[in-house]
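The sequence shown maps to residues 6 to 108 in the numbering used here.
All residues carry an ideal CB built from backbone N, CA and C; glycine is no exception.
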Amino acid sequence: MFLTARLTWIEKESCLALVRTHGSKVLIPLWPKGTSPLRARDGRRGVAIPGVGKIFDGRTFSGGGTPLPQTHPAYSQAGPPPGNCGAHDGFFAIDPSGITVRS
6 MFLTARLTWI EKESCLALVR THGSKVLIPL WPKGTSPLRA RDGRRGVAIP
56 GVGKIFDGRT FSGGGTPLPQ THPAYSQAGP PPGNCGAHDG FFAIDPSGIT
106 VRS
């Protein structure tokens, strides 16, 4: 599935989430292996994805992946949301190939 979303830091949950640009669903990203968290000097949060680069909150990106809504059988196998993230509208497993980042 193709997704266009804005990376958003949810302060009260200490959670990096995706907000879909169409429909406003909040998804918890499941990043590719090797992805590491980042914090910019100005306080923005983000991730460094191997082979892609850095993406910080407030940035919009597009790419493919697999949605895992709460009703999907694999949702329970994904484990609890990372950090203090609430369940929101489900997980989205991100495929690093073809990611494009916009301001």
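Decide if residue i is buried, meaning its Cβ has at least 16 other Cβ atoms within 10 Å, or exposed.
i	result
residue 34	buried
residue 51	buried
residue 7	exposed
residue 45	exposed
residue 70	buried
residue 56	exposed
Excluding five sequence neighbours on each side, which residues of the same chain lie with their C-beta closer than 8 Å to the C-beta of residue i?
i	result
residue 26	9, 10, 11, 65
For residue i, which residues of its own chain have a beta-carbon under 7 Å away from its beta-carbon, when the five flanking residues on both sides are left out?
i	result
residue 91	18
residue 93	22, 31, 32, 33
Please name the residue, chosen from the options, that lies closest to residue i on a Cα-to-Cα basis.
i	options	result
residue 58	70, 23, 41, 72	41
residue 73	49, 13, 99, 107	99
Taking only runs of the beta strand (DSSP E) that begin and end inside the segment 9–45, which ones reach a length of at least 3 residues, in chain order? 20–25, 31–35, 41–44
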